[in-house]
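Chemist: Dropping a structure here in structure tokens format, bear with me for questions.
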Amino acid sequence: RFTSSNFMVFCSRIVGLAFAISVTQLTEQPRLKAPFYKYSFTSLSNVLSSFCQLEALKYLSFPTQVLGKSSKLIPVMVMGKIIQKKTYPLYEYVVAVIILIGVAIFVISEKGEKANKEQETTFAGLVLLVGYLTFDSFTSQWQGHLFSQYNMSSYQMMLGVNTFSASFTFVSLLTSRELFTAIDFVLKNPDCFYHIALFSICGATGSMFIFYTIKTFGPLVFTMIMVTRQLVAIVLSCFFYGHHIDSNGISGAVIVFAAIGYRIYAKEQENKTKKQNAAS
Numbered sequence: 008r009f010t011s012s013n014f015m016v017f018c019s020r021i022v023g024l025a026f027a028i029s030v031t032q033l034t035e036q037p038r039l040k041a042p043f044y045k046y047s048f049t050s051l052s053n054v055l056s057s058f059c060q061l062e063a064l065k066y067l068s069f070p071t072q073v074l075g076k077s078s079k080l081i082p083v084m085v086m087g088k089i090i091q092k093k094t095y096p097l098y099e100y101v102v103a104v105i106i107l108i109g110v111a112i113f114v115i116s117e118k119g120e121k122a123n124k125e126q127e128t129t130f131a132g133l134v135l136l137v138g139y140l141t142f143d144s145f146t147s148q149w150q151g152h153l154f155s156q157y158n159m160s161s162y163q164m165m166l167g168v169n170t171f172s173a174s175f176t177f178v179s180l181l182t183s184r185e186l187f188t189a190i191d192f193v194l195k196n197p198d199c200f201y202h203i204a205l206f207s208i209c210g211a212t213g214s215m216f217i218f219y220t221i222k223t224f225g226p227l228v229f230t231m232i233m234v235t236r237q238l239v240a241i242v243l244s245c246f247f248y249g250h251h252i253d254s255n256g257i258s259g260a261v262i263v264f265a266a267i268g269y270r271i272y273a274k275e276q277e278n279k280t281k282k283q284n285a286a287s
């Protein structure tokens, strides 16, 4: 049985790095202005956020997990003010709180009965949750900062981040002595290779869309997509697979989609006001 998730992450980063190198070499790209070491910050914060997220699950009750993950928009806005000196209008904070409430209602109604009711929230779990939210919000905002300051392409970001991510995971594999054990397992079980290859290709493709979204729409919109994706997936499963959603779940979904619709409307009004002021 294959157990090295670290090796799978390493393979995904290597495939992403190879893809980014190919694209940047074969297509015209902006001149790279960013000091290369700055990519290491987002790579390290991504590794730390993943660690805190997985470890926190051992020490948090299900409702605390849901509320923590649903509140990601607020830390992202706070981190945006710290890193990029951004100012967000009041409606952005209102939308963030409403989405938090809606997603929490929806997810708890869907999984509340299946959750482990014996798991209690501990202080260590809360510390890890705060670490996860801090590092996760730093990751997207620092990438947004690099995009805006150095005007790089999403493929250049992908190259830099994956270079350090692959290096970090490679060192981790060596120190934990997982590398050769994992390679030996794959050689003895060729079918495993195809599964890891598919996982790596999907991971690299996902990273490409992540960097494009952050560059084009910004860290806040990206986080909004990540927060609501589970809700959208379950709603779509209703139409394709007959999945059942109870009244609480429907209420949560309506709250979230109403908040997103309001944000789109408010953003359009804000843009119209800016254009009118510029014209006058």
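Once you know that position 200 of the sequence shown is 207 in this note's numbering, the rest is easy, because the numbers rise by one and skip nothing.
For each residue, glycine too, the CB sits at the ideal point set by N, CA and C.
Note that the structure is a prediction, hence the values are computed from the model and not measured.
(1) Report the three-state DSSP secondary structure of Ser244 (helix, strand or coil).
(2) How many Å lie between Pro197 and Leu181 at the Cα?
(3) What residue does the alpha helix (DSSP H) around Thr170 start on, and which one ends it?
(4) Measuring only the C-alpha atoms, how far is Ile89 from Phe247?
(5) Using 8 angstroms as the threshold, is the C-beta distance between Thr176 and Asn13 below it?
(6) Does Ala285 pass the burial test, meaning 16 or more other C-beta atoms within 10 Å, or should it be called exposed?
(7) Restricting to Cα atoms, I'd like to know which of Leu153, Thr34, Leu64 is closest to Tyr44.
(8) Would you kindly work out how many angstroms separate the C-alpha atoms of Thr49 and Leu243, rounded to a whole number?
(9) What residue ranges within the segment 77 to 140 form continuous alpha helix (DSSP H) runs of no fewer than 4 residues, ordered along the chain?
(10) For Phe9, name the three-state secondary structure that DSSP assigns.
(11) Quick one: measure Cβ to Cβ for Pro82 and Thr141, integer angstroms, because I've assumed they're closer than 8 angstroms.
(12) Can you look up Tyr44 in the DSSP assignment and give me helix, strand or coil?
(13) Helix, strand or coil, according to DSSP, for Arg302 in the structure here?
(14) Would you say the beta carbon of Arg184 is closer than 7 angstroms to some non-hydrogen atom of the ligand GDP?
(15) If we call anything under 8 angstroms between Cβ atoms a contact, is Ala189 one with Ser11?
(16) Alpha carbons only, please: which of Ser29, Val239, Lys65 is nearest the one belonging to Phe264?
(17) Could I get the ranges of all uninterrupted alpha helix (DSSP H) runs contained in the segment 28 to 73, with 4 residues as the minimum, in chain order?
(18) Is Gly225 helix, strand or coil by DSSP?
(19) Can you list, in chain order, the residues of its chain with a C-beta nearer than 7 angstroms to that of Ile105? Leave out the 5 residues immediately preceding and following it.
(20) Classify Ile203 as helix, strand or coil using the three-state DSSP reduction.
(21) Quick check on Leu135: buried or exposed, where buried means 16 or more other Cβ atoms within 10 Å of its Cβ?
(22) Alpha helix (DSSP H) containing Asn284: first to last residue?
(23) If you draw a straight line from the alpha carbon of Ser19 to that of Gln283, how long is it in whole angstroms?
(24) Could you check which residue in Leu227, Thr129, Met164 has the C-alpha nearest to that of Val85?
(25) Tell me which same chain residues have a C-beta within less than 6 angstroms of the C-beta of Arg270, skipping the five on either side of it?
Modeler: Taking the geometry as given:
(1) helix
(2) 22 angstroms
(3) 161 to 183
(4) 43 angstroms
(5) yes
(6) exposed
(7) Leu153
(8) 32 angstroms
(9) 80 to 90, 97 to 118
(10) coil
(11) 7 angstroms
(12) helix
(13) Residue 302 lies beyond the range of the chain shown here (8 to 287); nothing can be said about it.
(14) What this structure holds is no ligand at all, so the ligand GDP is not there to describe.
(15) yes
(16) Val239
(17) 46 to 63
(18) coil
(19) Ile262, Ala266
(20) helix
(21) buried
(22) 254 to 286
(23) 47 angstroms
(24) Leu227
(25) Val102
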